[in-house]
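Asks:
Quick look at the structure:
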């Protein structure tokens, strides 16, 4: 029996998550994709099949020298939040894409929260304090 690679395992996890996580027009899905050199974020309305906002480290106007670090992920998180708010979106469902909530993925999601997405969401960490 052939062993599965980490990418194959992540893809399976992502498929299971996608069965459960749906974006609506009221609360779209913020999907994160992480490669070795870049990180990408999209705000997606799954009901209508439309991408409402995007941001990634491959954009020239973002001012990122290297896209594969936590600082670049924070910048993408802030940018996607600003673009989503400009499109009239205040609340999203976070889709980690099968990645562990750590490092660049955590930095992107936390930066988007700090920039104003899901500001009415009660976090377990904040509730414990």
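Numbering (our numbering), first residue to last: 1246 to 1374. Each residue gets a CB set at the ideal place from its N, CA and C atoms; glycine is no exception. This structure is a prediction, so every number in the text was calculated from the model and none was measured.
Among 1246, 1273, 1256, 1254, which one has its Cα closest to the Cα of residue 1335?
Replies: 1273
Asks: Would you mind stating whether residue 1313 and residue 1282 have Cβ atoms separated by less than 8 Å?
Replies: yes
Asks: Any contact of the region 1299-1315 with the region 1256-1276, i.e. 3+ C-beta pairs under 8 Å?
Replies: no
Asks: Is the number of C-beta pairs between the region 1252-1263 and the region 1317-1337 that are closer than 8 Å three or more?
Replies: no
Asks: Considering only their Cβ atoms, is the gap separating residue 1262 from residue 1343 smaller than 8 Å?
Replies: Between residue 1343 and residue 1262, the C-beta gap is smaller than 8 Å, which places the two residues in contact.
Asks: Determine the DSSP secondary structure at residue 1341, reduced to helix, strand or coil.
Replies: coil
Asks: My output table needs one value for residue 1280: the three-state DSSP class, helix, strand or coil.
Replies: coil
Asks: Ignoring anything shorter than 4 residues or poking outside the region 1309-1367, list the alpha helix (DSSP H) runs there in chain order.
Replies: Runs of the alpha helix (DSSP H) spanning 4 or more residues and lying entirely within the region 1309-1367 occur at 1315-1331, 1349-1359, in chain order.
Asks: For residue 1338 and residue 1288, what's the separation of their Cα atoms in angstroms?
Replies: Going by C-alpha positions, residue 1338 is about 9 Å away from residue 1288.
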